[in-house]
Amino acid sequence: MKPEIIVFDIDGVLIDTSRSFRCAVSRTVQYYMTEILGYKDTGILIEPEEVQLFKLAGGFNDDWILSQSAILFFLYKGLKYELGDTGSIRLALPSLIEFTGAISSYKDGGLEKTRRYLAGLDGDILNKAEEKLDRSLVIRIFQEIYAGSDYVERLYGSKPILEREEGLWKNERVILDKSLLLEDVFYGIYTGRTASETQLALEILKLDIPSGAIVTMGSSIAKPDPKGLEIIREYYKKGILAFVGDSMDDVLSAINAKAIPVAIANDKISRERFSHHTSLIFSDVNEYLRYLRGSK
93 MKPEIIVFDI
103 DGVLIDTSRS
113 FRCAVSRTVQ
123 YYMTEILGYK
133 DTGILIEPEE
143 VQLFKLAGGF
153 NDDWILSQSA
163 ILFFLYKGLK
173 YELGDTGSIR
183 LALPSLIEFT
193 GAISSYKDGG
203 LEKTRRYLAG
213 LDGDILNKAE
223 EKLDRSLVIR
233 IFQEIYAGSD
243 YVERLYGSKP
253 ILEREEGLWK
263 NERVILDKSL
273 LLEDVFYGIY
283 TGRTASETQL
293 ALEILKLDIP
303 SGAIVTMGSS
313 IAKPDPKGLE
323 IIREYYKKGI
333 LAFVGDSMDD
343 VLSAINAKAI
353 PVAIANDKIS
363 RERFSHHTSL
373 IFSDVNEYLR
383 YLRGSK
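For the sequence shown, the residue numbers in our numbering are 93 to 388.
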């Protein structure tokens, strides 16, 4: 069925953020554990590509919450086994794959999933870990690593707190081939980015989307809440809507809104997880747009 409206997630769909947001998660976790908490840096705790494990678990559309949850997970292991370095913490069980696989069945939000899982292992250790997790500071660190010292005030309204950072957003690359966009279809954005991050992305994309068809983090609506898609559907007064995303929350948002879920996946694990919810799985957004053009 051809959609009347196509709504895009931004990260991993319209823009390649593998060297920006996903690196920002990795660097934020590493910085907090080593520079703030003092663990010896003997190895990367979470590689940028491993961020997808959280995205597939659901509840981690917000990279700030994802970073907080990853820190809580690693901090728990450090305290549980009395470890002093990041390499040992990463190797300690449970592994990231075991952890994210286990919480994928939980219906809670991301941080609540993490707490629930760790409480089931040892509630006392979890409480000690929570005491060391400054959620606001994690967000500040993430924002500056992503935006850089020069852009952090423009994007987030805060002064730099780290040594001079070159913003990772500058590593972002456009995926979307705008020549493939269909002229008889309306377009929207439903993203976990802030409004300022979204504006930056649209500038990079040189894409003009009506403000009424853009739903960001600032709307207080979070995936997989279908309300974001329903707002866009109501704006255009059209019924058949497809949502193109690369996370489980994106797919579930579409299902919850009785829309067409379109999944972007480049690895076997993602394709397998998404296949339980949709048959429309593509390597990138351009492949999906070519598919629509071919089915006209």
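No residue lacks a Cβ here, since even glycine has one placed at the ideal position from N, Cα and C. All of these numbers come straight from a predicted model, not from anything done at the bench.
- Contact check for V336 against F100 passes: the beta carbons are separated by less than 7 Å.
- Under the 10 Å beta carbon count, L210 is surrounded by 16 or more other beta carbons and is classified as buried.
- Note on S387: under 16 other CB atoms within 10 angstroms of its CB, so exposed under the neighbour-count rule.
- The continuous alpha helix (DSSP H) containing V117 extends over residues F113 to Y123.
- In this structure E96 is not in contact with V307, their Cβ atoms being roughly 18 Å apart against a cut-off of 8 Å.
- Within 10 angstroms of the beta-carbon of T134 lie fewer than 16 other beta-carbons, which makes it exposed.
- For A355, the enclosing beta strand (DSSP E) begins and ends at I352 to I356.
- Residue environment: S161 is assigned as buried (16 or more neighbouring CB atoms within 10 Å of its CB, all protein chains considered).
- Non-local C-beta neighbours of V244 in its own chain, meaning closer than 7 Å and more than five positions away in sequence, comprise Q235, E236, S250 and P252, ordered along the chain.
- The Cβ atoms of I373 and A357 sit closer than 7 Å to each other.
- Rounded to the nearest angstrom, the gap between the Cα atoms of Y282 and Y168 is 33 Å.
- In the structure shown, the three-state DSSP call for R363 is helix.
- In chain order, T109 and F113 place their CB closer than 6 Å to the CB of D103, counting only its own chain and leaving out the 5 sequence neighbours on each side.
- For V336, the enclosing beta strand (DSSP E) stretches over residues L333 to G337.
- Counting only runs of 3 or more residues that sit fully inside the region 292–346, the beta strand (DSSP E) segments are 333–337, in chain order.
- Residue pairing of D103 in beta bridges, as defined by DSSP: I107.
- Following the DSSP letters along the chain, one finds F234 in no beta strand (DSSP E) but inside the alpha helix (DSSP H) bounded by residues R227 to A239.
- By the neighbour-count definition (other C-beta atoms within 10 Å, threshold 16), R363 is an exposed residue.
- Straight across, the Cα-Cα distance linking F191 with E275 is about 44 Å.
- Between L185 and the set I324, T286, V354 and L137, the nearest pair of CA atoms involves L137.
- When the beta-carbon positions are compared, L158 and F146 come within less than 7 Å of each other.
- In this structure I107 is not in contact with V343, their Cβ atoms being roughly 19 Å apart against a cut-off of 8 Å.
- Comparing C-alpha distances from T120 to each of L254, A149 and G193 shows the shortest one belongs to L254.
- With respect to the C-alpha of P302, the residue from Y328, R285 and D359 having the closest C-alpha is Y328.
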